[in-house]
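As structure tokens, the structure follows; a few thoughts come after it.
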Amino acid sequence: MLGLYQATERDSMIHAAVHLHMFLAGCLLSWAVIGIDPIRRRPGTRGRLAALVIAAAGHDTLAKLMYAWMPPAGGGPAAGRQLEAELMYYGGTAIDVALAVIVMTQWYLAAGRALARTRRRSAVAGP
Amino acid sequence: MAISRPARADDDVAGKQIKRTIWSGVLAGVGLVAFADETVFYQLLHWHHFYDESTLAVGLVSDGLFHAGGFTAMVAGLFLLADALRRGGFVPKRWWGALLLGAGGFQLYDGIVQHKLLGLHQNPLPRHPLVLRPDLEPDRGRHDRRRGGADDGACRRDGIGDVPLRRRNGCVSARARTHAARADAAGRRRLRPGLVPAEPARPPMAGPQGGLHARPVPGNRT
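One line per chain: the protein sequences are A and H, in this order. FYI, the numbering for the first sequence is 1 to 127, going by our numbering. FYI, the numbering for the second sequence is 1 to 222, going by our numbering.
Set out below in structure tokens:
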């Protein structure tokens, strides 16, 4: 490791900054995946779901690595860190499922609007 | 033009509906199997663990994908199902068939690629399926004896840190398993070969007084 972890242990400012960074990274991911602001070239539902799966898989893998190999060095007692790793794993899963539900809800609503539109049109233009 | 258009749109809709139903079933099947595997086999029966010592790095990545992908597939499959129901003309048999297809296909993949090729999820100890909490089982040495494996003295002589816990194919030797079980019992961290140890896991030529050696190690000091 780069010694960042040890630095966070020593300095509460660095500690807070790292936490803020984590939090903002999560916000950025959520914004990119489920944000409703109009942005250019937002990928479709499949792309966003794929991005979500990859991000969640990385998160899970990191949690398991923490459990198995316990980086960073010198971080404390093993049992507590394994508990934290499990929390990271299952907590990440919960958030992943929530994000997936939101993505699919957005798709479901949009598809519903498209369906209603199609039905309206075919009712108007129908025989 | 005006006549052909609705017909084409209808064809399109029907085709889309079939496709959507099938995808919904396949995804739900994958998600169902992934969920059953995790919940029933890991968490209820403890057939595999959150992490067992034989898992390689590629296994962890694959496990993460499996976990995240399974839940996401379930969510997506159920939403697709809702959409198919909403559109009408839903054929339940088609959905159930696709569900079985997804479940079976995923099992095939899991069995061949994950278990056989990658050597994942090798059970740390073969157990009777009815023993729900084998970690509470007192008779730890039974397995080794059955296998005709290493005697306890040999295990202890090696010391925890020196034993490579996995072999190349991802299997753990009976001896390493015994070690892992002991290390678990003592609340010690397991050392991975080739990694920088976080803290001295084993005081060199340790006595049992060390903080990490809560349990005396008999047979080590002769």
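Glycine included, every Cβ here is placed at the ideal spot set by N, Cα and C.
Comparing alpha carbon positions, the residue from A:Trp-107, A:Arg-81, A:Ala-63 closest to Pro-43 of chain A is A:Trp-107.
With 16 or more other Cβ atoms inside 10 Å of its own Cβ, His-59 of chain A counts as buried. Apart from sequence neighbours up to five positions away, no residue of its chain approaches Asp-63 of chain H with a beta-carbon distance below 6 Å. Excluding its 5 nearest sequence neighbours in each direction, Ala-79 of chain A has no C-beta neighbour in its own chain below 8 Å. Within 8 Å of the CB of Ala-82 of chain H, the CB atoms of chain A belong to Tyr-108, in sequence order along the chain. In this structure, Ala-68 of chain A places its C-beta atom within 8 Å of the C-beta atom of Leu-60 of chain H. For Met-104 of chain A, at least one C-beta of chain H is nearer than 8 Å to its own C-beta.
Cβ proximity to chain A below 7 Å picks out Val-61, Asp-63, Gly-64, Leu-65, His-67, Ala-68, Gly-69, Phe-71, Thr-72, Val-75, Ala-76, Phe-79, Ala-82, Asp-83 from the segment 61–85 of chain H. For the segment 3–15 of chain A, the set of positions with a beta-carbon nearer than 8 Å to some beta-carbon of chain H is empty. Counting every other CB atom within 10 Å of its CB across the protein chains shown gives Trp-96 of chain H a total below 16, marking it as exposed. Counting only residues of its own chain and dropping the five nearest sequence neighbours on each side, Val-18 of chain A has a CB closer than 6 Å to the CB of Thr-8.
With a threshold of 8 Å between beta carbons, Leu-49 of chain A makes contact with chain H.
Comparing alpha-carbon positions, the option among H:Ile-112, H:Arg-87, H:Leu-101 lying closest to Arg-119 of chain A turns out to be H:Arg-87.
Here the segment 19–27 of chain A makes no contact with the segment 37–52 of chain A; the two share fewer than three CB pairs at distances below 8 Å. For Arg-87 of chain H, the residues of chain A that pass the 7 Å Cβ criterion are Leu-115, in the order they occur in the chain. Trp-69 of chain A sits in coil when the DSSP states are folded into three classes, being neither helix nor strand. Ala-76 of chain H is positioned such that its CB atom lies closer than 8 Å to that of Leu-27 of chain H. In the structure shown, Asp-11 of chain A adopts coil according to DSSP, grouped into three states.
Here DSSP, grouped into helix, strand and coil, assigns Arg-42 of chain A to coil.
Boundaries of the alpha helix (DSSP H) around Phe-106 of chain H: 92–109. By the Cβ rule, the segment 30–41 of chain H does not count as touching the segment 29–36 of chain A, because fewer than three pairs are nearer than 8 Å. For Ala-111 of chain A, at least one C-beta of chain H is nearer than 8 Å to its own C-beta.
Under the Cβ criterion of 8 Å, Gly-58 of chain A is counted among the residues facing chain H.
Taking a contact as a CB-CB distance under 8 Å, the pair Met-88 of chain A and Ala-63 of chain A counts as one, their CB atoms being some 4 Å apart.
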